[in-house]
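Right, one structure below, let's go through it.
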Amino acid sequence: MTSKTITTTVSSNGKKTLDDLGKGIKKLHTDYDKQLKNAKTRGKLRQVFQKHRRDHQNLLKKHLKQEEMTIKKLGKILDEEI
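Just so we're aligned, residue 343 is where the sequence shown starts under the working numbering, counting upward by one.
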């Protein structure tokens with residue numbers, strides 16, 4: 343049986359992280375598209391891609407860290423219920 347506290351924690355944190363993630367990805371791709379249009383050489387294209395890749399990896403790390411915090415909160419709630 344799921345407690346009300348667990349349901350609230352999951353739904354509120356999940357929505358927040360998904361909204362942040364969506365906005366972050368949209369901004370990354372907007373900037374990426376602008377930089378691709380302005381690139382004049384193959385080297386610059388590669389450089390733009392590498393930066394885009396790092397930005398994606400950093401965003402993913404941040405997202406996973408937020409989800410890990412949610413799991414820790416849920417673990418504490420479950421421990422208190424037992």
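Each residue gets a CB set at the ideal place from its N, CA and C atoms; glycine is no exception.
Any idea what DSSP makes of residue 383, helix, strand or coil? coil
Measure the Cβ-Cβ separation of residue 390 and residue 377 and say whether it is below 7 Å. yes
Any contact between the segment 402-414 and the segment 358-370? By contact I mean 3 or more CB pairs, one from each, below 8 Å. yes
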